[in-house]
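If you're matching them up, the sequences are chains A and B in order.
In terms of full-length UniProt numbering, the first sequence opens at residue 1 and continues consecutively.
In terms of full-length UniProt numbering, the second sequence opens at residue 1 and continues consecutively.
Idealized CB from N, CA, C, for every residue including glycine.
See below for the structure under consideration.
2 protein chains.
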Amino acid sequence: MNARTGTTAAAPLLQASPGFAQDERGGCPIREVLDRVGDTWSILVIFNLQPGPMRFNALKRAIEGISQRMLTVTLRSLERDGLVSRTVRPTTPPEVEYALTELGHSIAVPIDALGVWAARNRDAMRMARSAFDTGA
Amino acid sequence: MNARTGTTAAAPLLQASPGFAQDERGGCPIREVLDRVGDTWSILVIFNLQPGPMRFNALKRAIEGISQRMLTVTLRSLERDGLVSRTVRPTTPPEVEYALTELGHSIAVPIDALGVWAARNRDAMRMARSAFDTGA
DNA sequence: CGGCATCCTCTAGGATACTG
DNA sequence: CAGTATCCTAGAGGATGCCG
Numbered sequence: 001m002n003a004r005t006g007t008t009a010a011a012p013l014l015q016a017s018p019g020f021a022q023d024e025r026g027g028c029p030i031r032e033v034l035d036r037v038g039d040t041w042s043i044l045v046i047f048n049l050q051p052g053p054m055r056f057n058a059l060k061r062a063i064e065g066i067s068q069r070m071l072t073v074t075l076r077s078l079e080r081d082g083l084v085s086r087t088v089r090p091t092t093p094p095e096v097e098y099a100l101t102e103l104g105h106s107i108a109v110p111i112d113a114l115g116v117w118a119a120r121n122r123d124a125m126r127m128a129r130s131a132f133d134t135g136a
Numbered sequence: 001m002n003a004r005t006g007t008t009a010a011a012p013l014l015q016a017s018p019g020f021a022q023d024e025r026g027g028c029p030i031r032e033v034l035d036r037v038g039d040t041w042s043i044l045v046i047f048n049l050q051p052g053p054m055r056f057n058a059l060k061r062a063i064e065g066i067s068q069r070m071l072t073v074t075l076r077s078l079e080r081d082g083l084v085s086r087t088v089r090p091t092t093p094p095e096v097e098y099a100l101t102e103l104g105h106s107i108a109v110p111i112d113a114l115g116v117w118a119a120r121n122r123d124a125m126r127m128a129r130s131a132f133d134t135g136a
């Protein structure tokens, strides 16, 4: 639970998009998901795991700029939420493979959609920004 | 973050999902979009603006827990990126209406998809979590 | 009403070092 | 290789007050 939202059960957390606004079982779903996957790295990790399982350091190399600590933390979090599975092969040195679960793959679909949008519209955003910065 | 502002074409910023990985025009698009919309409030604002334009305080009331400052900041950011438009009617007191632009509506689609996923799978996530916490 | 400006807190997350 | 542990800073973001 979030410190901001507290435990106010009656609060209309998000009434937009009637359908999955709040469903009286604990607030707005988007918010709940955002709280878990909305951090800096989760999306990128899911993104990278989509093609197939990866080992820890491979993942670390793939996601430019992530620290060892944050990769560990993020992976644990995703594992905890059932989005990623962790498989250890007791060789020496150990091999640990991370993979998307079925749930993980299912969330990867909308995330991919966002990626597609990003690829298509990044220029528009850039132009909007420089226009905004230039004058208005 | 790394100083990858240079034209170092060698860095594999994100090689997952070949198609919108990096397109040699400045790194991974998903990353760029995440940098702008991946904060705590942007998605929720877009979400709330989807049904129609809203005034500042209406928006503030709708998005439970957001501070005045953060709403202002977030709206400016979205406006800057061309996702939201701001219209002032010079009445007294002034009326300021925020609305999604066309670009804003277009990004709302994949965001909505995420919302749908959230509504459908939040229980699965919760169960996974308590299972993880219990022992596994 | 719809904002800025200021101050201050708190935590996400980087750097570094050590281990099985 | 794949982590854990510790330490520490930058910046996100809340609280408050003032203004057109």
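Buried/exposed call for GLY52(B), threshold 16 Cβ in 10 Å: Exposed, because fewer than 16 other Cβ atoms sit within 10 Å of the Cβ of GLY52(B).
8 Å Cβ cutoff, ASN57(A) in contact with chain B: So, not an interface residue.
Any chain B beta carbon closer than 8 Å to ASN121(A): Judged by the 8 Å Cβ criterion, ASN121(A) is in contact with chain B.
Any C-beta of chain B under 8 Å from that of THR69(A): Looking at the sequence shown, residue 69(A) is not Thr but Arg. By this cut-off, ARG69(A) is not an interface position.
Segment contact, 8 Å Cβ cut-off, at least three pairs: the stretch 110-128 of chain B with the stretch 67-86 of chain A: Enough Cβ pairs lie closer than 8 Å, so yes.
Cβ-Cβ separation, GLU95(B) to ARG69(B) (assumed contact under 8 Å), whole Å: The Cβ separation is near 21 Å, so there is no contact.
Identity of the residues DSSP links to GLY100(A) by a beta bridge: Here residue 100(A) is Leu; the residue named in the question, Gly, does not match the sequence. Residue pairing by DSSP places LEU100(A) opposite VAL84(A) in a beta bridge.
Residue range of the unbroken alpha helix (DSSP H) whose run includes ILE30(B): Annotation: the continuous alpha helix (DSSP H) that includes ILE30(B) extends over 29-37.
Whole-number beta carbon distance between VAL45(A) and ALA30(A), since they are thought to touch under 8 Å: Note on identity: in this sequence residue 30(A) is Ile, with Ala being the wrong assignment. That pair is no contact at about 20 Å.
Residues within the stretch 38-57 of chain A neighbouring chain B, beta-carbon criterion of under 8 Å: Within the stretch 38-57 of chain A, GLY38, THR40, ILE43, LEU44, PHE47, ASN48, LEU49, GLN50, PRO51 place their CB atoms closer than 8 Å to a CB of chain B, listed in sequence order.
Proximal chain A residues relative to LEU103(B), where beta-carbon distance stays under 8 Å: Result: ASN121, ALA124, MET125, ALA128.
Proximity of LEU49(B) and LEU100(B) at Cβ, strictly below 8 Å: Contact: yes.
Same chain, Cβ closer than 7 Å to ALA108(B), neighbours up to 5 away in sequence not counted: Counting only Cβ-Cβ distances below 7 Å, and skipping sequence neighbours, we find ILE46, GLN50, LEU100.
Residues that DSSP places opposite MET54(A) in a beta bridge: Paired residues: TYR98(A).
Whole-number beta carbon distance between GLU32(A) and ALA118(B), since they are thought to touch under 8 Å: That pair is a contact at about 7 Å.
Contact set for THR72(A): own chain, Cβ-Cβ below 7 Å, skip 5 residues either direction: None.
C-beta atoms of LEU114(A) and ILE43(B) nearer than 8 Å: The criterion of a C-beta distance shorter than 8 Å is not satisfied by LEU114(A) and ILE43(B).
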